[in-house]
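If you read the protein sequences in the order shown, they are chains A and B.
So the first sequence is numbered by this note's numbering: it starts at 246 and just counts up by one.
So the second sequence is numbered by this note's numbering: it starts at 7 and just counts up by one.
Glycine is no exception: its CB is placed at the ideal position from the N, C-alpha and C atoms.
Since the structure is predicted, the reported quantities are computational estimates derived from the model, not experimental observations.
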Amino acid sequence: MPEELIERIKRKDRKAQFEFYQRYSVPLFRLTYRYITNEQDAGSIVNMAFFKIFGHIRDFNYKDPDSLMAWMKKIVINESLMFLRQKFTYAELDGNTAKDLLFDNLPEDHLILEDYYTLIRKLPDDLRTVFNLHALDGFSHNEIANHLKIKEASSRAYLSKARKMLQNYIIKRISDG
Amino acid sequence: MDNNIIDKTFREKIDKLSGLPPDVAWNSENGWNGYTEKYLSKRITGRKIFLYVSSSAAVILIAISSVLLFQVARYRTITVSNNSGRIREIVLPDSTRVFLNKDSFIEYPSKINEKHNRILVSGEMYLEFNFIKIPQYLIKAHNAVIIVERPCKLNIRERIDDENVLVTVASGVIKIMEESNGEGLKLLVTEGNYCSVHKSQGLAYTSANSNNNFLAWKTGILTFNNTPIATVTDILAEYYNVDIEIEDKELAYCLFTGSFENQPVNFVLDRIQSELDFVIKISGNKISISRKV
Numbered sequence: 246m247p248e249e250l251i252e253r254i255k256r257k258d259r260k261a262q263f264e265f266y267q268r269y270s271v272p273l274f275r276l277t278y279r280y281i282t283n284e285q286d287a288g289s290i291v292n293m294a295f296f297k298i299f300g301h302i303r304d305f306n307y308k309d310p311d312s313l314m315a316w317m318k319k320i321v322i323n324e325s326l327m328f329l330r331q332k333f334t335y336a337e338l339d340g341n342t343a344k345d346l347l348f349d350n351l352p353e354d355h356l357i358l359e360d361y362y363t364l365i366r367k368l369p370d371d372l373r374t375v376f377n378l379h380a381l382d383g384f385s386h387n388e389i390a391n392h393l394k395i396k397e398a399s400s401r402a403y404l405s406k407a408r409k410m411l412q413n414y415i416i417k418r419i420s421d422g
Numbered sequence: 007m008d009n010n011i012i013d014k015t016f017r018e019k020i021d022k023l024s025g026l027p028p029d030v031a032w033n034s035e036n037g038w039n040g041y042t043e044k045y046l047s048k049r050i051t052g053r054k055i056f057l058y059v060s061s062s063a064a065v066i067l068i069a070i071s072s073v074l075l076f077q078v079a080r081y082r083t084i085t086v087s088n089n090s091g092r093i094r095e096i097v098l099p100d101s102t103r104v105f106l107n108k109d110s111f112i113e114y115p116s117k118i119n120e121k122h123n124r125i126l127v128s129g130e131m132y133l134e135f136n137f138i139k140i141p142q143y144l145i146k147a148h149n150a151v152i153i154v155e156r157p158c159k160l161n162i163r164e165r166i167d168d169e170n171v172l173v174t175v176a177s178g179v180i181k182i183m184e185e186s187n188g189e190g191l192k193l194l195v196t197e198g199n200y201c202s203v204h205k206s207q208g209l210a211y212t213s214a215n216s217n218n219n220f221l222a223w224k225t226g227i228l229t230f231n232n233t234p235i236a237t238v239t240d241i242l243a244e245y246y247n248v249d250i251e252i253e254d255k256e257l258a259y260c261l262f263t264g265s266f267e268n269q270p271v272n273f274v275l276d277r278i279q280s281e282l283d284f285v286i287k288i289s290g291n292k293i294s295i296s297r298k299v
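Structure below.
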């Protein structure tokens, strides 16, 4: 049970930390790897996140497994964003957004689940960051703008470009067969 | 979240994924090895150094203490003041442990026995009477006289600016009387209760302790469980020595839950701000809390 594991971690039980890491490192790595394309960097960020998780777990009020996962995801995303901000700055973009709905629904037969993950990782860093934050992790444009030190309009423009690019990737995959 | 078809599709697909992507060499085994190497082995080394240094310090202290113990000790009064800005721990001649908060002092006899059993205190301190070697200790804090006859642990707060002397019993049982009332009125205070003695009016009463944070000065742990913000800010102001003003009075009744250990005030305020959607402004030692517009 997560609660019992958390109580043991609060008592600095090393074995409990290991069990906790075994249980949650894979989904958290997958989350990080969506933001950080270098595998080694992603691994380092996951470990930094666990360091902070273990350090702050005493402040965390456990309610249910979803709340635990949401809290850990927040830490991982923050660490990923800090890493990305160190690497480059996000430019302000023209607020004009291209029309981004090409299909009423996307043709899915040609793609497996892993393909969608791969396509996100193919996006350029800036577009990928904003798409991840907004489309997959539920951040508002206002929150994204605060995190990336850009205007809301730029966040929307990045998102629009990301969607367009993903559409094009899918079309190309389908046409390539 | 948007209902955009692209976002929705990718979200649904990504949510179904589990396990690691097929093209990665990383796994939880080597991830954990990396974690222990970076974050745990350093700590272990630090711990070893700490243990080595504290063991050496303990040996030196024992040597010094042994020398002192061999000196012929005449009865005298010992005064210990803590003006260091940190908590100071001392041990009385009878092994009673005392943790002195900042700006506190204690006066006690060099030999504690039946004849010499009076302790004078001021400020704030936590006393652990683990071994009772005499029938009775008498602890005087302003006009409050605390009688200890059995093992107990208690927090005494007697601050110049406070109207009352506050004694909170963490374990055991004590008796308290107001000095001018004499032995006639002694209140029994048990574990989980406190006694308040008014300094000028001489009134004393006892009640259940509802303040979980009475030992925060010692433990560094602040705990709030559905605590009204007015109470939270009082506790934070006392603990961090800051001025906190709630500008929108209706916010005073909002409830906050959270616990913190040895965290700076900014960390705590950030958490309150994000959970309760307040606007908190900090300017030096002055903090204001208002509603988000």
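Asked, Found
"Buried/exposed call for residue 230(B), threshold 16 Cβ in 10 Å", "buried"
"Same chain, Cβ closer than 7 Å to residue 250(A), neighbours up to 5 away in sequence not counted", "261, 264 and 265"
"Separation of residue 290(A) from residue 373(A), as counted between CA atoms", "17 Å"
"Interface partners of residue 263(B) on chain A, CB under 7 Å", "306"
"Contacts of residue 292(A) in chain E (Cβ-Cβ under 8 Å)", "Absent from the structure: chain E. Protein chains present are A and B."
"Where residue 57(B) falls, given that 16 or more other Cβ within 10 Å makes a residue buried", "exposed"
"Residue-chain proximity (residue 19(B), chain A), Cβ-Cβ < 7 Å", "yes"
"At least three beta-carbon pairs within less than 8 Å, the region 125-141 of chain B to the region 106-114 of chain B", "yes"
"Proximity test, Cβ basis, 7 Å: residue 34(B) and chain A", "yes"
"DSSP bridge partner residues for residue 260(B) (one or two, in chain order)", "None, per the DSSP bridge assignment."
"Outcome for residue 185(B) when other beta-carbon atoms lying within 10 angstroms are tallied against a minimum of 16", "exposed"
"Contact list for residue 271(A) against chain B, beta-carbon separation under 7 Å", "25, 26 and 34"
"Residue interval of the beta strand (DSSP E) (run including residue 204(B))", "199-204"
"Best match in 382(A), 299(A) and 283(A) for proximity to residue 256(A) [C-alpha to C-alpha]", "299(A)"
"Residue of 177(B), 20(B) and 298(B) minimising C-alpha distance to residue 195(B)", "177(B)"
"The region 317-336 of chain A: positions lying closer than 7 Å to chain B by Cβ", "none"
"Span of the alpha helix (DSSP H) around residue 403(A)", "397-421"
"Inter-residue CB distance, residue 122(B) and residue 81(B) (contact presumed, cutoff 8 Å)", "6 Å"
"Chain B within 7 Å of residue 300(A), Cβ atoms only", "no"
"Closest by C-alpha distance to residue 233(B), when choosing among 132(B), 34(B), 282(B) and 93(B)", "282(B)"
"Cutoff 7 Å: residue 179(B) Cβ touching any chain A Cβ", "no"
"Chain-ordered chain A contacts of residue 266(B) [CB-CB under 9 Å]", "303 and 304"
"Collapsed DSSP secondary structure at residue 345(A) in the structure displayed", "Low per-residue confidence applies at residue 345(A): pLDDT is 49, beneath 50, and the placement is therefore not dependable enough to give any value."
"Chain B residues whose Cβ lies nearer than 8 Å to that of residue 359(A)", "23, 27 and 28"
"Beta-carbon neighbours of residue 264(A), restricted to chain B and to distances below 8 Å", "Under the 8 Å cutoff, chain B gives no residues; its nearest Cβ is about 10 Å from residue 264(A)."
"C-beta neighbour in chain B for residue 384(A), strict 7 Å", "no"
"Cβ-based neighbour list, residue 376(A), same chain, cut-off 7 Å, excluding 5 preceding and 5 following", "365, 368, 404 and 407"
"Three-way DSSP call (helix, strand, coil) for residue 169(B) in this model", "coil"
"Under 7 Å between C-beta atoms of residue 262(B) and residue 241(B)", "no"
"Beta-carbon proximity list for residue 256(B), same chain, < 6 Å, skipping 5 on both sides", "none"
"Near-chain B residues of the region 275-289 of chain A (beta-carbon distance less than 9 Å), N- to C-terminal order", "275, 278, 279, 284, 285, 287, 288 and 289"
"Limits of the alpha helix (DSSP H) - the one that residue 27(B) falls within", "No alpha helix (DSSP H) contains residue 27(B), which DSSP labels as neither H nor E."
"Start-to-end residues for the beta strand (DSSP E) that takes in residue 183(B)", "179-184"
"For residue 124(B): DSSP bridge partner residues", "144(B)"
"Alpha-carbon spacing of residue 145(B) relative to residue 166(B), whole angstroms", "17 Å"
"Host alpha helix (DSSP H) of residue 423(A) (start-end)", "An answer regarding residue 423(A) cannot be provided, because it is not within the stretch 246 to 422 covered by chain A."
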